[in-house]
Structure formats: C-alpha cells, structure tokens
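Enquirer: 1 is the number of the first residue of the sequence shown in full-length UniProt numbering; add one for each residue after it.
Ideal Cβ positions, reconstructed from N, Cα and C, are used throughout, including at glycine.
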Amino acid sequence: MQITITDLCKYEGVSRGTFYAHFGNIGQVVDELFSDALCDIKNMALLSENASNSNSKKGLCWVLRKNPKYQPLFFSEALFLQAVKHTVAALRQDFLDLMSGKTELDEASLTDLLTVQIMGCLGMCRKHLGESDEEWCRFQSCFALFLKAGYQGIIQK
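1) Using only the alpha-carbon positions, how far apart do residue 91 and residue 26 sit?
2) Closer than 8 Å by C-beta to residue 140: which residues in its own chain qualify, once you throw out the five before and the five after it? Chain order, please.
3) May I ask which residues mark the beginning and end of the alpha helix (DSSP H) holding residue 135?
4) Can you tell me whether residue 26 is helix, strand or coil according to DSSP?
5) Look at the alpha carbon of residue 158 and the alpha carbon of residue 33, and state the distance between them as a whole number of angstroms.
6) CB-CB under 7 Å to residue 96, same chain, minus the five flanking residues each way: which ones, in chain order?
7) Express the C-alpha separation of residue 43 and residue 36 in angstroms, rounding to a whole number.
8) Skipping 5 residues on each side, what residues in its chain have a beta carbon closer than 8 Å to that of residue 29?
9) Rounded C-beta distance between residue 125 and residue 75? I'm assuming under 8 Å.
10) Assuming residue 117 contacts residue 147 under a Cβ cut-off of 8 Å, what Cβ separation, rounded to an integer in Å, is found between them?
Structure follows, in structure tokens:
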C-alpha cells in the first residue's frame, strides 16, 4: 500500500502547505508515528511488568497483539525494517542496562541480539496474529523458552 502526502492531507483535511510546515516528507511522519507508538507501548509494558499478578505481566508481542491500532505500523511488510530499527532504538538502553554485568558481550553484540529478538517477535506476531488466545499462548511460551535458552547460554553464572 502506497500512502502519499496528498492522501494524508485529504484524510486530515489540511493543505499541503500545512503538512510541510510540520513535516518535510512521509518519512518524518512515519518516524513520529513510531516514536509515539513506542512511547505508549513501553508505558503499557511497564504497567504490566509492575502488576502484582504474574499472569498480568506481558511483553511487546502481547501489547501489539491486543492493540490493533499499532498493527498496521508494526506488521506492515513495507515498514518491517523501520519497525525493527525504531523498536530496537527504543528498547536498547533498557536492554543494555538489564544485561550489563551479566555477560562479557559488548554493547554492539548485545544490540545485535536485541535486534534478532525484535525481528523474531514482530515476524512471529504477524504470522500468528489471527490465532486464538490458546494457540497464541502456546506459540508465545515456545518463543519465550527459545529466547530464555539462548540468553542463559551467554549469561555468566
């Protein structure tokens, strides 16, 4: 699907001049959409991490599955690499802080691992999006075990 500046202006009822007063191009709009979405997503994930009920603790995959408004942005084939790039940028420092002192890997290697994890998360979320909650939980458990085993291999005891 191709979105043009004219399409956006018509949809929002603004002139092209108004658009260009705020954005230079479509890429800037997409960047701002990712920035806003990831801020919301991080807040939702943080709220679920702080929940007292362990069943309430959810991650990125769950947040994206349960919030359809983010799905076109994160699951679009055309925006996949941008979704990965923006998500890694948003989560990188938290991930590095979490992993610091637990492994001898440098920041670049840890960032690469986070990138692979995010690519897998977004790809598998998109693939399993239409499945029932029960099927989703099976997939999610399998993915979580896979990640846990991999990280256990690099974490120093």
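Expert: Per the coordinate set shown:
1) Roughly 24 Å between the two C-alpha positions.
2) 61, 62
3) 133-152
4) helix
5) This structure leaves residue 158 out entirely; the chain is present only between 1 and 157.
6) 107, 110
7) 11 Å
8) 8, 23
9) 7 Å
10) 6 Å
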